[in-house]
Amino acid sequence: MSKDKKTVLVTGGAGFIGSHLCELLLEKDFDVLCLDNFYTGRKKNIKKLIDNPNFEYIRHDITQPILLEVDWIFNFACPASPVHYQYNPVKTVKTNVMGAIHMLGLAKRVKARILQASTSEVYGDPDMHPQREEYWGNVNPIGIRSCYDEGKRIAETLFMDYHRQNQVDIRIIRIFNTYGPRMLVNDGRVVSNFVVQALRGEPITVYGDGEQTRSFCFVSDLLKGILAVMESDCNQPLNLGNPQEYSILELAEKIIKLTGSSSKLIHKEKPLDDPVRRKPDISKVKKLTGWEPSVDLEQGLLKTIEYFKQIL
Ligand code: NAD
Ligand code: UDP
5 MSKDKKTVLV
15 TGGAGFIGSH
25 LCELLLEKDF
35 DVLCLDNFYT
45 GRKKNIKKLI
55 DNPNFEYIRH
65 DITQPILLEV
75 DWIFNFACPA
85 SPVHYQYNPV
95 KTVKTNVMGA
105 IHMLGLAKRV
115 KARILQASTS
125 EVYGDPDMHP
135 QREEYWGNVN
145 PIGIRSCYDE
155 GKRIAETLFM
165 DYHRQNQVDI
175 RIIRIFNTYG
185 PRMLVNDGRV
195 VSNFVVQALR
205 GEPITVYGDG
215 EQTRSFCFVS
225 DLLKGILAVM
235 ESDCNQPLNL
245 GNPQEYSILE
255 LAEKIIKLTG
265 SSSKLIHKEK
275 PLDDPVRRKP
285 DISKVKKLTG
295 WEPSVDLEQG
305 LLKTIEYFKQ
315 IL
């Protein structure tokens, strides 16, 4: 392609992260093609972009091939919440595996650079803490999370093989728990569940004893990391996340405090294979690109609470 302006395809572009990414790319003056099957994505998320002449959206499912002319591809299509990816696990595998094959085939044909949204779930229930990119993970191949975890792992394999075999210009990011405005009320992930429950004065559902940990990254920080990696020349997987680690109980207490809610905690059964600890080592991406997150949990939660107050 000879034109200066890049055309960028964002699969999963009507979802939580994808819609923020479309918006950022338009601000940076790219032509943006948003592709989504609207499973967990919403037209509402991209409503304010529709009138932008540099924006188009296509209703399409990446388990089917598609022919397009693009310069960059961000492959984000895949439900990310356990509730949604476990609803139809076979479809989740197809989205990850066939979706990756179709997007990589497209990248190969048009010589586009392609970035895969992988996940901290490739580390499974990790024995290494914090998790570094060199760690191969501890994943149950036959459990209820496997459709997602193993789906993302085979997608990484496909990316590396298309790179080695066909010289496709790949990037892989392993995203750790990310939160912020535009998560669905019924998303099912912990931050949105707790904020919605706190605002409604309903019991806060802590799964298990709540001692399990996660590291939460605010979406605006993640977006800067995504672009930094896309613009880098690194073809190896890179962690993107916020290394501040909290137990689920600590998260619940923070949300109760910040919302001023009278909600009480209740404990529910912990889901099978729920990872015990999770925290990214981000030294590699920081060294390569200078990226690191800057929004702390309280700041990010306040913005997220504000969003849910408006939509509830
Ligand atoms: P999301 O569910 O809000 O977005 C996923 C989008 O993909 C939705 O718009 C959905 O409709 C679309 N989609 C799903 N299957 C599709 C298919 N077969 N064809 C076309 N579109 C399809 O989730 P999110 O949190 O925005 O996550 C986006 C990506 O980032 C996912 O690939 C997810 O695995 C990855 N990721 C997210 C997190 C996180 O904490 N949010 C963490 C790790 C990885
Ligand atoms: N969790 C919880 N209550 C909820 C939702 C989730 O205690 O209402 C816990 C869940 O068991 C896990 C952690 O919060 O230990 C993060 O869950 P989430 O689904 O957000 O993401 P993931 O497990 O994929 O990291």
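With the first letter of the sequence shown counted as 1, position 231 gets the number 235 in the working numbering; the numbers rise by one all the way through.
Ideal Cβ placement from N, Cα and C applies to all residues, glycine included.
The structure presented is a predicted model; accordingly, all values stated were derived computationally and were not measured.
Check your understanding: Is there at least one non-hydrogen atom of ligand 2 closer than 6 Å to the beta-carbon of asparagine 181?
Key -> At a threshold of 6 Å, asparagine 181 counts as near ligand 2, since its beta carbon sits closer than that to one of the ligand's heavy atoms.
Review point. In angstroms, rounded to a whole number, what distance separates the CA positions of glutamine 240 and glycine 103?
Key: CA-to-CA, the gap between glutamine 240 and glycine 103 works out to about 20 Å.
Review point. Which term fits glutamine 216, buried or exposed, when burial requires 16 or more other beta carbons within 10 angstroms of its beta carbon?
Key: With 16 or more other CB atoms across the displayed protein chains lying within 10 angstroms of its CB, glutamine 216 is buried.
Exercise for review: Assign lysine 272 to one of three DSSP states: helix, strand, or coil.
Suggested key: Residue state, collapsed to three classes: strand.
Review point. Cβ of valine 194 within 6 Å of any heavy atom in ligand 2?
Key: Annotation for valine 194 indicates a beta carbon within 6 Å of some heavy atom of ligand 2.
Review point. Exposed or buried, asparagine 170, counting other C-beta atoms within 10 Å across all chains shown (16 or more means buried)?
Key: Result: exposed.
Practice item. Report whether the distance from the Cβ of glutamine 216 to the nearest heavy atom of ligand 2 is below 6 Å. Key: Yes, since a heavy atom of ligand 2 falls inside the 6 Å radius drawn around the Cβ of glutamine 216.
Check your understanding: Is it a yes or a no for the stretch 159-173 touching the stretch 227-236, going by three-plus beta-carbon pairs under 8 Å?
Key -> No contact exists between the stretch 159-173 and the stretch 227-236.
Review point. Regarding aspartate 278 and ligand 2, is the C-beta to nearest heavy atom distance less than 6 Å?
Key: Answer for aspartate 278: yes, Cβ within range of ligand 2.
Check your understanding: Which residue from Ile315, Glu27, Tyr61 puts its Cα closest to that of asparagine 318?
Key -> It is not possible to answer for residue 318, since the shown part of the chain is limited to 5 through 316.
Check your understanding: How big is the Cα-Cα spacing for phenylalanine 220 and aspartate 33?
Key -> Roughly 29 Å separates the two Cα atoms.
Exercise for review: Go ahead and label glutamine 248 buried or exposed: buried means 16 or more other beta carbons lie within 10 angstroms of its beta carbon, across all protein chains shown.
Suggested key: Around the Cβ of glutamine 248, a 10 Å sphere holds fewer than 16 other Cβ atoms; the residue is exposed.
Exercise for review: Under the assumption that glycine 214 contacts alanine 256 (Cβ atoms under 8 Å), give the Cβ distance between them as a whole number of angstroms.
Suggested key: 7 Å between Cβ atoms; contact.
Review point. Where in the stretch 96-125 do unbroken runs of the beta strand (DSSP E), each at least 3 residues long, occur, reported from the N-terminal end onward?
Key: Qualifying beta strand (DSSP E) stretches, in chain order: 117-123.
Exercise for review: Take aspartate 238 and list the residues in its own chain whose beta-carbon comes closer than 6 Å to its own, dropping the five residues that flank it on each side.
Suggested key: According to the sequence shown, residue 238 is cysteine rather than aspartate. Leu292, listed in sequence order.
Review point. According to the Cβ coordinates, are leucine 305 and leucine 262 closer than 7 Å?
Key: The answer is yes: Cβ separation under 7 Å.
**Study point:** Alpha carbon of aspartate 40 to alpha carbon of alanine 84, nearest angstrom
**Key:** A direct Cα-Cα distance of roughly 14 Å separates aspartate 40 from alanine 84.
Practice item. State the CB to CB distance for the pair phenylalanine 78 and leucine 119, rounded to an integer number of angstroms; the pair is presumed to be in contact (CB under 8 Å). Key: Rounded, the Cβ-Cβ distance is 5 Å, consistent with contact.
Check your understanding: Is cysteine 82 near ligand 1, going by C-beta to nearest heavy atom under 6 Å?
Key -> Within 6 Å of the C-beta of cysteine 82 there is at least one heavy atom belonging to ligand 1.
Point to revise | Backbone CA spacing between phenylalanine 198 and isoleucine 259 [nearest angstrom] | key: Cα-Cα distance, rounded: 7 Å.
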